[in-house]
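S.K.: Residue numbers (our numbering), protein chains in the order written: chain A, 1 to 215; chain B, 1001 to 1215; chain C, 2001 to 2215; chain D, 3001 to 3215.
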DNA sequence: CCTTAAACGAGACGGTACGTCATGTCTTGTC
DNA sequence: GACAAGACATGACGTACCGTCTCGTTTAAGG
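In structure tokens:
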């Protein structure tokens, strides 16, 4: 499930040599995927600070030098392991009503975060690994993208008169995700649909009260 | 049990009077404080993953072995450095009105987080250092304590009829802090009074809508 | 004298092709030899008690961890450094006459001890390093071997009637080497052929007097 | 030479006189003796290389700083521990006949070496501790003294016509002690009267053969 | 007795070396 | 050519001693 999507997005190998049409795959891609998966598991189990190239290699059934052949260093490896799974964007719902849209969006977000193979990896984004410039950039871009893509959801609601004029989509969306990340990163509480619904309710009430209007 | 200043020089003993002028501090406590401060600076600048005992020692103007004499290992040192400054509890405001109480509480929280010497240290609590069992425990306790201490603020509001019966203080407080931590940990946006006020507004609207009633 | 004799005994590099001219030395063996040589120099100059792995490494132009990669600890390193040069056995002379045999044997022994690269190393065998079980064993074996190999020299003399029946070779040989080691270890006097000849004379006189007959 | 004039300060030697009359001793001498004894035990058990000031202190039931208060460093401590027991000189026998003199001298030497509280300490003199300049000096002096004091024994024998004119006492004595030290330092064989007698026999035979005449 | 100064216990400190582990580079041999 | 294997320099880890220092307590001397 994670091996082949490397090609899907047109992102190629991080090496720049073309090699597009002819298959030619030796064990390369297989090894690569195994290492990234191993890195993610290590991130989830041990965290970024304790992640070791040698452990990753061992877990991937690969030799240390093979890892260094493809990734410049630990940071590069972690960065790629972390970003790879961020590709799958959350689909923006369009149910016709803001309330259900919001609820559904919150739930999809929670599910995305808690999906099996993101387990712990998401948290790594906000740990010490988050200090890596690449990761920081990815994180920034991640939310910029999400906010951009979800903006229409809000705009539709304004158009339909469900929300006050001037409601700022980004402001609203931040309110939506705040309770989720609070539980994930700060309180270490489990995430489930109830959390999502609660976040949606709070945000809805605030939105209707005009608290997200652009200043 | 013996006369205390029988010293040939007539020097005072280590009695409790201030003795401001010369003083003869055992260096123990001084060194200890210097090391903890250095550790905090390292945490802020380099993060937990990159924190090195030798760097901390160097920054504190102290030898590595001196650090190890007092702290078993890197983790213990970080734990103590992190815990120390958590002592100062936030004062719970009591202005007579829930809205101003909430606003003030939010602002105090923001100020506590952004105060000079917590700079970056707070964030460390939620980074890889947060995986240390001790730190996790401290974090748990920290919020348990905050929620417990702030509960009366909510209860007074309920008593005054400003909030619906059955409003759960913890639930409400989580809503209050969520936007703050989102900006601190996830979005890396600056924290200021506006953020605090915004969080208070959202929480207030939701509270009045009865969204924090115990289920 | 130490680098190339690896081949002499048939133990060669672990590759079997000769490849004499340039070769493609794995640096392994080269480093190993350099470290052992450095260890021997340190033993000679500073003695076992003051020998430091870091000094040995520095002198060998190698990093400390490289030493530890091949030798478990200081003791193992010293043991091997000490043992290596003990391989070269002293040839047992056979001149046809006991007196000249004995003289020659004594001289060879002295030369072996004072040969350039055993300088000081021999003494280390009897210093604190001698407490290491491995070293003790080597030392025991060393003399057992010498006595065994030199026994025929004595037996021939008995057969020729030059020495009394029942002369114990080991006893005789101990007498031969005693003055040598006294000067080496106790008196710190220089060793030369005169010492060897003197020891041979004494031993010869005692042997003829039947003082080495088995009791 | 070294036994009684330690008492510059009125401190008596650590020797055995009850010390009721003079008095005035603080605990100093007692501690001092305990530490030196502990040092000797450590030397015997662990050897010079492994001797630790902290272990010595612990064994003496004393604090580390107390040791450093009296002895500049480890070397000084060891030096004194080693030299102290060298005071008791071997008495030179005078039986009237060279053979019995020699035998007796050898036996006394062996007994001196193997006496309980020199156990292992003697060996330390020839171990790595022997590299300490002080120890080297002591060792030199020790044998110079012994040879000087035993010379009359040889001279009497020459006078009595038991030994050839020109017999060099030192040369003869070296022959006498060589087998003893060989067993002690090189062969690690037990020392007993048989060894002493054997050494005496060999030396006697060689002496009568004129092998110790001055060249 | 009581005082007083030396001797001691206690332990922090700056240091040196130990032996271990991980990083990232490089070389060799093998599939 | 990709990979396994592993040597290597580097640098941090955490430990054990070294020798220095300061502080407070014990103890036996002499008043």
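Every residue gets a Cβ at the ideal spot worked out from N, C-alpha and C, and that includes glycine.
At a cut of 8 angstroms, does the region 3063–3081 of chain D reach the region 3034–3050 of chain D through at least three beta carbon pairs?
M.R.: Judged by Cβ distances under 8 angstroms, the region 3063–3081 of chain D makes contact with the region 3034–3050 of chain D, as three or more pairs qualify.
S.K.: Helix, strand or coil for residue 2070(C)? Go by DSSP, reduced to three states.
M.R.: Mapped onto the third chain, residue 2070(C) falls at position 70. In the structure shown, residue 2070(C) sits in a helix (DSSP, three-state: H, G or I).
S.K.: Restricting to Cα atoms, I'd like to know which of 3210(D), 3188(D), 3175(D) is closest to residue 3197(D).
M.R.: Taking the fourth chain and counting its residues from 1, one reaches residue 3197(D) at position 197. Closest option to residue 3197(D), Cα to Cα, is 3175(D).
S.K.: Taking the C-alpha atoms as reference points, what is the distance between residue 3097(D) and residue 3157(D)?
M.R.: Within the fourth chain, numbered from 1, the residue matching residue 3097(D) stands at position 97. Within the fourth chain, numbered from 1, the residue matching residue 3157(D) stands at position 157. Cα-Cα distance, rounded: 7 angstroms.
S.K.: Comparing alpha-carbon positions, which option in 2128(C), 2172(C), 2191(C) lies nearest residue 3199(D)?
M.R.: Your numbering for residue 3199(D) matches position 199 in the fourth chain. Out of 2128(C), 2172(C), 2191(C), 2172(C) has the C-alpha closest to the C-alpha of residue 3199(D).
S.K.: Can you tell me which of the three DSSP states residue 3076(D) falls into?
M.R.: As a first step, residue 3076(D) must be located in the fourth chain, where it is residue number 76. In the structure shown, residue 3076(D) sits in a helix (DSSP, three-state: H, G or I).
S.K.: Leaving aside the five residues before and after residue 1183(B) along the sequence, list all residues of the same chain whose C-beta is less than 8 angstroms from its C-beta, in chain order.
M.R.: On the second chain, position 183 is the one that residue 1183(B) refers to. Closer than 8 angstroms at Cβ, skipping near neighbours: 1189, 1190, 1191, 1195.
S.K.: Under a CB-based cut-off of 7 angstroms, is residue 47(A) close to chain B?
M.R.: Working through the first chain from its first residue, we reach residue 47(A) at position 47. So yes, residue 47(A) belongs to the interface.
S.K.: Answer with yes or no whether the minimum CB distance from residue 2186(C) to chain D is below 7 angstroms.
M.R.: By 1-based counting over the third chain, the position of residue 2186(C) is 186. True, the Cβ-Cβ gap to chain D drops below 7 angstroms.
S.K.: To the nearest angstrom, how far is the alpha carbon of residue 59(A) from that of residue 1051(B)?
M.R.: Translated into the one-based positions of the first chain, residue 59(A) becomes position 59. Translated into the one-based positions of the second chain, residue 1051(B) becomes position 51. The alpha-carbon atoms of residue 59(A) and residue 1051(B) are separated by roughly 26 angstroms.
S.K.: Which one or two residues does DSSP pair with residue 149(A) in a beta bridge?
M.R.: By one-based count along the first chain, residue 149(A) stands at place 149. The partner list for residue 149(A) (beta bridge, DSSP) is empty, contrary to what the question assumes.
S.K.: Give the residues of chain C in contact with residue 3182(D), contact being defined as C-beta atoms less than 8 angstroms apart.
M.R.: For the purposes of this step, residue 3182(D) is taken as the residue at position 182 of the fourth chain. Neighbours of residue 3182(D) on chain C, chain order: 2174, 2177, 2178, 2181, 2182.
S.K.: To the nearest angstrom, how far is it from the Cα of residue 1242(B) to the Cα of residue 1162(B)?
M.R.: Given that chain B is displayed from residue 1001 to residue 1215, the structure contains no residue 1242(B) and the question cannot be resolved.
S.K.: Would you say residue 1148(B) touches the ligand FMN, meaning its beta carbon is less than 6 angstroms from a heavy atom?
M.R.: Absence of the ligand FMN is noted for the structure shown, with no ligands found whatsoever.
S.K.: Just to make sure I have the definition right: I need the residues of chain A whose C-beta is within less than 9 angstroms of the C-beta of residue 1147(B). Which are they?
M.R.: Position 147 of the second chain, counted from the start, is the residue given in the question as residue 1147(B). In chain order: nothing, as chain A lies at least about 10 angstroms away.
S.K.: Counting only Cβ pairs nearer than 7 angstroms, list the residues of chain B close to residue 143(A).
M.R.: On the first chain, position 143 is the one that residue 143(A) refers to. Going along chain B in sequence order, the residues near residue 143(A) (Cβ under 7 angstroms) are 1187.
S.K.: How is residue 2107(C) classed by DSSP in three states: helix, strand or coil?
M.R.: Translated into the one-based positions of the third chain, residue 2107(C) becomes position 107. Residue 2107(C): helix per DSSP, three-state reduction.
S.K.: Using the rule of at least 16 other Cβ atoms within 10 Å of the residue's Cβ for burial, across every protein chain shown, is residue 84(A) buried or exposed?
M.R.: Residue 84(A) sits at position 84 when you count from the first residue of the first chain. It is buried - the Cβ of residue 84(A) has at least 16 other Cβ atoms within 10 Å.
S.K.: Quick one: what's got a C-beta closer than 6 angstroms to residue 208(A)'s C-beta in the same chain, skipping five residues either side?
M.R.: Here residue 208(A) refers to the residue found at position 208 of the first chain. Around residue 208(A): no qualifying Cβ.
S.K.: Flag residue 3106(D) as yes if its beta-carbon sits less than 7 angstroms from any beta-carbon of chain C, otherwise no.
M.R.: Counting from one through the fourth chain, the residue named residue 3106(D) turns up at place 106. With 7 angstroms as the cut-off, residue 3106(D) does not count as an interface residue toward chain C.
S.K.: Find out if the Cβ-Cβ distance for the pair residue 1129(B), residue 1048(B) is shorter than 7 angstroms.
M.R.: Residue numbering aside, residue 1129(B) sits at position 129 when the second chain is read from its first letter. Residue numbering aside, residue 1048(B) sits at position 48 when the second chain is read from its first letter. Going by C-beta atoms, residue 1129(B) is nearer than 7 angstroms to residue 1048(B).
S.K.: Does DSSP put residue 3208(D) in a helix, a strand or coil?
M.R.: Residue 3208(D) sits at position 208 when you count from the first residue of the fourth chain. If DSSP states are grouped into helix, strand and coil, residue 3208(D) belongs with the helices.
S.K.: Output the distance between the C-alpha atoms of residue 2211(C) and residue 2178(C), rounded to the nearest integer angstrom.
M.R.: As a working note, residue 2211(C) is residue 211 in the third chain. As a working note, residue 2178(C) is residue 178 in the third chain. Those two C-alpha atoms are separated by around 15 angstroms.
S.K.: Where does residue 40(A) land, buried or exposed, given buried means 16+ other C-beta within 10 angstroms?
M.R.: In the first chain, residue 40(A) corresponds to position 40, counting from 1. Residue 40(A) should be labelled buried.
S.K.: Note down, in chain order, all residues in the region 3152–3163 of chain D with a beta-carbon under 7 angstroms from any beta-carbon belonging to chain C.
M.R.: Residues: none.
S.K.: Answer yes or no: does any C-beta atom of chain C fall closer than 7 angstroms to that of residue 3191(D)?
M.R.: For the purposes of this step, residue 3191(D) is identified with residue 191 of the fourth chain, where counting begins at 1. It does not; no Cβ of chain C falls within 7 angstroms.
S.K.: So that I know if they touch, is there some Cβ in chain D lying closer than 7 angstroms to that of residue 2132(C)?
M.R.: Within the third chain, numbered from 1, the residue matching residue 2132(C) stands at position 132. No, residue 2132(C) lies away from the interface with chain D (no Cβ there is under 7 angstroms from its Cβ).
S.K.: Give the single residue among 1124(B), 1126(B), 1100(B), 1090(B) whose Cα lies nearest to the Cα of residue 1110(B).
M.R.: In the second chain, residue 1110(B) corresponds to position 110, counting from 1. Nearest of 1124(B), 1126(B), 1100(B), 1090(B) to residue 1110(B), Cα basis: 1090(B).
S.K.: Looking at residue 3121(D) and residue 3046(D), is the spacing between their C-beta atoms short of 7 angstroms?
M.R.: Translated into positions along the fourth chain, residue 3046(D) becomes position 46. Translated into positions along the fourth chain, residue 3121(D) becomes position 121. Cβ distance not < 7 angstroms, so residue 3046(D) and residue 3121(D) don't count as in contact.
S.K.: Along chain B, in chain order, which residues have C-beta atoms closer than 9 angstroms to that of residue 135(A)?
M.R.: By 1-based counting over the first chain, the position of residue 135(A) is 135. Result: empty, since nearest Cβ-Cβ is about 11 angstroms, beyond 9 angstroms.
S.K.: Output yes or no for whether 7 angstroms exceeds the beta carbon distance between residue 1113(B) and residue 1149(B).
M.R.: Here residue 1113(B) corresponds to residue number 113 of the second chain, with the count starting at 1. Here residue 1149(B) corresponds to residue number 149 of the second chain, with the count starting at 1. Result no, Cβ atoms of residue 1113(B) and residue 1149(B) do not sit closer than 7 angstroms.
S.K.: Could you check what DSSP says for residue 1160(B) in three-state terms: helix, strand or coil?
M.R.: Counting from 1 along the second chain, the entry for residue 1160(B) is found at position 160. Of the three classes helix, strand and coil, the one that applies to residue 1160(B) here is coil, per DSSP.
S.K.: What residues are listed by DSSP as bridge partners for residue 3167(D)?
M.R.: The sequence position of residue 3167(D) within the fourth chain is 167, counting from 1. Per DSSP, 3213(D).
S.K.: Straight-line CA distance for residue 153(A) to residue 55(A)?
M.R.: Residue numbering aside, residue 153(A) sits at position 153 when the first chain is read from its first letter. Residue numbering aside, residue 55(A) sits at position 55 when the first chain is read from its first letter. Residue 153(A) and residue 55(A): Cα-Cα distance of roughly 44 angstroms.
S.K.: By DSSP, does residue 3095(D) sit in helix, in strand, or in coil?
M.R.: Taking the fourth chain and counting its residues from 1, the one referred to as residue 3095(D) is at position 95. Residue 3095(D): coil per DSSP, three-state reduction.
S.K.: Answer yes or no: does any C-beta atom of chain D fall closer than 7 angstroms to that of residue 2112(C)?
M.R.: As a working mapping, residue 2112(C) is identified with position 112 in the third chain. It does not: the Cβ of residue 2112(C) has no partner Cβ on chain D nearer than 7 angstroms.
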